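For the sequence shown, position 2 (counting from the first letter as 1) is numbered 91 according to the numbering used here, and the numbering increases by one without interruption. Contents: one structure, followed by commentary.
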Amino acid sequence: VQQHYVLSVAAYIAVFTVSMLLLLPVAIVLCVLGGFLFGALAGTVYATLSATIGSVIFFLAARYLFARMIHRAYAKQYETFD
């Protein structure tokens with residue numbers, strides 16, 4: 090981490106973001122790991138940033154990529170709701 094700080098941060102953010110996208114139950118482990126590797130403050134910032142990026146990507150995918158599929162599957166319920 091000390092020799093390749095930027096690469097370490099990028100790898101940490103990528104791994105955390107992908108784990109959020111795949112809904113893997115490892116967030117607490119990755120949060121603790123971030124604090125261990127980068128310190129409490131920087132680890133908190135990187136973990137929060139990663140979780141936010143992963144959540145936003147997941148929301149956008151659900152909203153725009155899977156909306157039609159869900160709408161077709163539950164068309165009658167949507168009609169009643171509308």
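Just so you know, even glycine gets a beta-carbon here, dropped at the ideal spot from N, CA and C. Model, not experiment: these values are computed from the prediction.
| query | result |
| --- | --- |
| Inter-stretch contact (C-beta, 8 Å, three-pair minimum) for the region 114-130 and the region 148-162 | no |
| Residue from 108, 112, 132 and 106 with nearest C-alpha to residue 94 | 132 |
| Beta-carbon contacts of residue 115 that lie in its chain and below 6 Å, excluding the five residues immediately before and after | 108 |
| Three-state secondary structure (DSSP) of residue 170 | helix |
| Residue environment, residue 128, which counts as buried when at least 16 other CB atoms sit within 10 Å | exposed |
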